[in-house]
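If you read the protein sequences in the order shown, they are chains A and B.
Its first residue numbered 297, the first sequence is counted upward by one per residue in my numbering.
Its first residue numbered 80, the second sequence is counted upward by one per residue in my numbering.
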Amino acid sequence: MSALTLYDKLWDSHLVHQEADGTALIYIDRHLVHEVTSPQAYEGLKLAGRKPWRVDSVVATADHNTPTKDWDKGIRDPVSRLQVETLDANIREFGAKAYFPFLDRQQGIVHVIGPEQGATLPGMTLVCGDSHTSTHGALGCLAFGIGTSEVEHVLATQCMMMKKAKSMRIVVDGQLGRGISAKDIILAIIGKIGTAGGTGYAIEYAGSAVSALSMEGRMTLCNMSIEAGARAGMVAVDEKTIEYVRGRPLAPEGAMWDKAVAYWRTLASDPGASFDKVVTLNGSEIRPQVTWGTSPQMVTTIDGKVPDPAKETDPVMREWMERALRYMDLKPDTPITEIRLDKIFIGACTNSRIEDLRVAAQVVEGKRVAPSIKLAMVVPGSGLVKRQAEKEGLDKIFTAAGFEWRQPGCSMCLGMNDDQLSPGERCASTSNRNFEGRQGPGGRTHLVSPAMAAAAAIAGHFVDVRTFS
Amino acid sequence: MEKFVRREGLVAPMDRANVDTDAIIPKQYLKSIKRTGFGPNLFDAWRYLDHGEPGMDHSKRRVNPDFVLNQPRYRGATILLARENFGCGSSREHAPWALLQYGFQAVIAPSFADIFYNNSLKNGLLLIRLDAKIVDQLFRETLASEGYRLAVDLESQTVATPGGQSFRFDIDSFAKHCLLNGLDEIGLTLEHADKIKAFEAKHRERQPWLFS
């Protein structure tokens, strides 16, 4: 028997049927649902007179449209409110294993909820109508984003019709420097391979720097796999994974737990397994990353400069860079540390978990947000994260420093709710995309780690978190 | 979905690489609970000079005369010519919906993002990968002659130019079969319902904790 990769094992254990050209039916264990990509899917089900194949695979929440303050006033935008109410109605009609609606104490961003509720378990195939579903691969799952038609397909058949991707292993060895986090690793990876570097691949992250990451760190890493073009990203199961899952609300217990753990311990690539592509990075050389442009691959280090498009030889790339600099209102060769900010956003499915908040709180404790900053906000990823943070007094540290402490939700990651940048505003954000208009029309996004966003809040401009005090 | 066998149409050039799905259809339009109505908001932020929100009368908005699709010579285009990594970013299926509802039937580019590729084919929007050098040539030809048209033949997997050249493209045979016959994917999968049930029973024995 040949050596199998983790991806092989996850794929093989869910293969229902395969056509001659490789198109396969893959069984789906967990279907996470949110309000934006499900309405048309449920409507399609109704119109065709079909019912969900397996209701108990569905775990749902509302996160993209929900406000992060004034919850007593509800959702003001009627179009947003309708979309959220449509999900309420669909879950009422069709059912779910668990539903965390707007205002629920455990509501939050779908990719924060999944792992924390034990809805995400190692060895699962997991889908959601959202590209950052790759996040769940951190627990040793095959997890990927799907479109609305695929949401309907999974509801109706419990399967995905898809082809197996090629396999890529990204090995990050070496010890991360002080102040360097999983967010810096993944931004460095995307800077190296580009936003299409992983297209057609499922990525497995390995190496000593990856195993040294906590589970939340691994989630940050896997979250941005799609920004490198890879639909799925994953990390092998180890003892950290098992300890993370133990005792979570939807996790198995007793004899089932023991059985599950025995299987989960096999979820790693076999020694000698071969990958279609291998990329390596030296973890100890990674410095704090800051994006300067309108794509996650337009990234440099804190001690770097905004590049000069004139030095780019490929005309299409050069025009892309020039366009980005015009949009971002940045001049070539500007040191990153000279970029001043208007707003700070610490949140999003990439970085809104308790460890992210602890790191940010440590940076800002006893300090004040710079007077030039119009708004600095911290949006915990879920009600559970929020309450844990409050138990630890992190909320008081943030508010004392001048941050707004908000209710959970996707918030300013993508501006589908009230939290948006105004045209021309520049934001240090712990989210995952810096496309034109992503955080609001004309908004300028710089992606960074929570520590770097926190330090920028205090300084009013980007600073090196490694030497910041 | 409608069958896609042979289509012929006016070409519009989008000479930018890495066109992302936020640009193709901005997020405010994702609040819709319908599958239709996205045509007026394709490339919304580039197409109009003013900001748009759902519910507006988009025919009253200020059009950007410099945006390629607003130029009279490209009015009625059904084939979009694009550069690398078209459709990168989010999984929003609203992106192919907007392209189709605007009137595009096919997109030709050197490469596409994965999720966008699958979403498009499932909706009958044919995505054609051609070598970057060929795409370069098509850009030159499109810009050189007003009214430039291409003919796409899915059966033979070819794109034919007015000058008589023919370029072959690859496509998975199963995806091709579904497009040629306008097949509903869910109906096709449910033909395997027995296999799915059989798999489920075995899966439940092997990993019972997934079914509690």
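All C-beta atoms in this analysis are idealised placements derived from N, C-alpha and C, irrespective of residue type, glycine included.
Please read all numbers here as calculations on a predicted model, not as lab measurements.
- Query: Can you round the beta-carbon distance between B:Phe183 and B:Leu206 to whole angstroms, since I take them to be within the 8 angstroms contact cut?
  - Reply: 11 angstroms between Cβ atoms; not a contact.
- Query: If we ignore side chains and look at the alpha-carbon of each, how far apart do A:Val257 and A:Leu328 end up?
  - Reply: Shown here, chain A extends from 297 to 765; a query on residue 257 of chain A therefore has no answer.
- By Cβ distance below 6 angstroms, which residues in the same chain neighbour A:Gly643 in space, the five residues on each side in sequence not counted? Val675 and Ser707, listed in sequence order.
- Item | Beta carbon proximity, B:Pro92 to chain E, threshold 7 angstroms | The structure shown contains no chain E; its protein chains are A and B.
- Express the C-alpha separation of B:Ser199 and A:Glu446 in angstroms, rounding to a whole number. Computed Cα separation, rounded: 11 angstroms.
- Item | Neighbour list for A:Met712 in chain B, Cβ cutoff strictly below 8 angstroms | Neighbourhood of A:Met712 in chain B, by CB distance below 8 angstroms: Lys106, Gln107, Leu109 and Lys110, in chain order.
- Message: Between which two residues does the beta strand (DSSP E) holding A:Gly441 run?
- Response: Following the DSSP letters along the chain, one finds A:Gly441 inside the beta strand (DSSP E) bounded by residues Leu438 to Gly441.
- Message: Less than 7 angstroms between the C-beta atoms of B:Ala124 and A:Gly733, yes or no?
- Response: Yes, the Cβ-Cβ distance between B:Ala124 and A:Gly733 is below 7 angstroms.
- Item | Assigned secondary structure, B:Phe146 (DSSP; H/G/I helix, E/B strand, else coil) | Coil at B:Phe146, not helix or strand.
- So, are the CB atoms of A:Gln336 and B:Arg152 less than 7 angstroms apart? No, the Cβ-Cβ distance between A:Gln336 and B:Arg152 is not below 7 angstroms.
- Item | Residues near A:Leu341 in its chain [Cβ-Cβ closer than 8 angstroms; skip 5 each side] | Within the same chain, A:Leu341 has close Cβ partners Lys347, Pro348, Phe390, Glu448, Leu451 and Ala452.
- Determine the direct distance from the alpha carbon of A:Tyr623 to that of B:Leu109, and round the result to whole angstroms. So the alpha carbons of these two residues sit roughly 23 angstroms apart.
- What does A:Ile482 reach in chain B if we use C-beta pairs closer than 8 angstroms? The CB of A:Ile482 never comes closer than 8 angstroms to any CB in chain B; the least such distance is about 16 angstroms.
- Message: Could you tell me the alpha carbon to alpha carbon distance between A:Met530 and A:Leu438, rounded to whole angstroms?
- Response: If you draw a straight line from the Cα of A:Met530 to the Cα of A:Leu438, it comes to about 7 angstroms.
- Helix, strand or coil at B:Tyr181 according to DSSP, with G and I counted as helix: Helix.
- Does the region 371-391 of chain A come close enough to the region 663-678 of chain A that 3 or more CB-CB pairs lie under 8 angstroms? Contact between the region 663-678 of chain A and the region 371-391 of chain A is absent, because fewer than three Cβ pairs lie under 8 angstroms.
- Task: Pull up the CB-CB distance for A:Ala620 and A:Thr596, whole angstroms please, since I reckon it's below 8 angstroms.
- Result: The beta-carbon distance between A:Ala620 and A:Thr596, rounded to whole angstroms, is 13 angstroms. This is too long to meet the 8 angstroms contact definition.
- Mind listing the chain A neighbours of B:His137? Cutoff is C-beta to C-beta under 8 angstroms, in chain order. Close to B:His137, with beta-carbon spacing below 8 angstroms, lies no residue of chain A; the smallest spacing is near 15 angstroms.
- Message: Suppose you measure from the CA of A:Glu381 to the CA of B:Glu172; what does that come to, to the nearest Å?
- Response: Cα atoms of A:Glu381 and B:Glu172: separation of roughly 21 angstroms, rounded to the nearest angstrom.
- Cut-off 8 angstroms between Cβ atoms - residues of its own chain near A:Pro667, not counting five sequence neighbours on either side: Contacts found: Gly756.
- Task: With hydrogens ignored, establish whether the beta-carbon of B:Leu160 is closer than 6 angstroms to any heavy atom of the ligand ADP.
- Result: As for the ligand ADP, it is missing from this structure, which has no ligand bound.
- Secondary structure at A:Glu446, three-state DSSP: helix, strand or coil? A:Glu446 falls in the helix class under three-state DSSP.
- Could you give the distance in angstroms between the alpha-carbon of B:Arg141 and the alpha-carbon of A:Pro737? Looking at the backbone, the Cα of B:Arg141 and that of A:Pro737 are separated by about 16 angstroms.
- Query: Any beta-carbon of chain A closer than 7 angstroms to the one on B:Asn164?
  - Reply: Against chain A, the CB of B:Asn164 has a partner CB under 7 angstroms away; the residue lies at that interface.
- For the beta strand (DSSP E) holding B:Lys113, just list the boundary residues, first then last. No beta strand (DSSP E) holds B:Lys113; DSSP gives it neither H nor E.
- Is there contact between the region 213-229 of chain B and the region 264-280 of chain B, where contact requires at least three CB pairs shorter than 8 angstroms? Flag = no, the region 213-229 of chain B and the region 264-280 of chain B do not touch.
- Of the choices A:Glu339, A:His360 and A:Ala532, whose alpha-carbon is the least far from that of A:Ile387? Residue A:Glu339 is the option with its Cα nearest to A:Ile387.
- Beta-carbon proximity of A:His330 to A:Met712, cut-off 7 angstroms: Not a contact, by the Cβ cut-off of 7 angstroms.
- Within-7 angstroms CB hit, B:Cys167 to chain A: Interface with chain A (7 angstroms Cβ-Cβ cutoff): B:Cys167 is included.
- Name, in chain order, the residues that DSSP records as bridge partners for A:Lys573. Its beta-bridge partners are A:Met464.
- A:Phe571 to A:Ser309, Cα distance in whole Å? Roughly 19 angstroms between the two C-alpha positions.
- Looking at chain B, which residues of the region 476-510 of chain A have a Cβ within less than 8 angstroms of any of its Cβ atoms? So the close ones are Thr491, Ala492, Thr495 and Gly496.
- Item | Simplified DSSP state of B:His130, which is helix, strand or coil | In the three-state reduction of the DSSP assignment, B:His130 falls in the coil class.
- Counting contacts by CB-CB distance shorter than 7 angstroms, is A:Ala524 in contact with chain B? Not one chain B Cβ lies under 7 angstroms of A:Ala524.
- Message: If contacts are defined as beta-carbon pairs under 8 angstroms, then A:Asp480 and A:Ile582 qualify, I think. What distance do you get, rounded to the angstrom?
- Response: Between A:Ile582 and A:Asp480 the Cβ distance is about 5 angstroms, and since that is below 8 angstroms, they are a contact.
- Item | Closer than 7 angstroms at the beta carbon, the chain A residues around B:Phe253 | Under the 7 angstroms cutoff, chain A gives Glu315, Asp317 and Thr319.
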